[in-house]
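Engineer: In case it helps, my numbering puts the sequence shown at residues 17 to 144.
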Amino acid sequence: MPRVLIIDDQKDVRAMVAIVLRVHRFEVAEVESGAAGLKAFAESPFDAAIVDIFLGDTSGVDVIASLRERAPGLPIIAVSGMTALDFMEQSPHLANVVCLQKPFRPNDLLQALRKAQAAAGGELPAAV
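Rendered as structure tokens:
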């Protein structure tokens, strides 16, 4: 069962994403801060990460850069309620990160997960 780490400071967003993923047979870990996300990632392996760009404790861009340093091929989805995610292209750590704008539909999430996996050069197990 593929494992996905959700890092978002909005509890309702984390809950919605987790429900969608669990229905599609993913194992999910939810955390509310960048620090908690990096700690969870250090303690256990994940097949993908979904990271909010605007976290309360830190920048999601910094969290993504840290995740990339630890696991260069990790499929990552960056989510944001802001309209412009153009800055994502400014850092080499953010290459192949799929951007998803809030609010999004469950199908958009699953499609973004497939795109992130393809961008990382692989395929998620059959759950997607």
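Using N, Cα and C, we set each Cβ at its ideal position, and we do this for glycine too.
Could you give the DSSP three-state label for A21: helix, strand or coil?
Structural biologist: With the sequence shown as reference, residue 21 is identified as Leu, and Ala is not the correct amino acid for it. Three-state DSSP puts L21 in a strand.
Engineer: Mind checking if A51 is an interface residue toward chain D, Cβ cutoff 8 angstroms exclusive?
Structural biologist: The structure shown contains no chain D, having only a single protein chain.
Engineer: Hey, could you find the ends of the beta strand (DSSP E) A90 is sitting in?
Structural biologist: Checking the displayed sequence, the identity of residue 90 turns out to be Leu instead of Ala. Where L90 is concerned, there is no enclosing beta strand (DSSP E), given that its DSSP letter is neither H nor E.
Engineer: What would DSSP say about L126, mapped onto helix, strand or coil?
Structural biologist: Three-state result, L126: helix.
Engineer: Could you check the C-alpha separation between D179 and V113 for me, to the nearest Å?
Structural biologist: Since the first residue of the chain shown is 17 and the last is 144, residue 179 is not available in this structure.
Engineer: Identify the continuous beta strand (DSSP E) that holds E48 and give its terminal residues.
Structural biologist: Looking at the DSSP string, E48 is not in any beta strand (DSSP E), and its letter there is neither H nor E.
Engineer: Quick check on I69: does DSSP put it in helix, strand or coil?
Structural biologist: coil
Engineer: Measuring only the C-alpha atoms, how far is I80 from V39?
Structural biologist: If I take the Cα positions, the gap works out to 26 angstroms.
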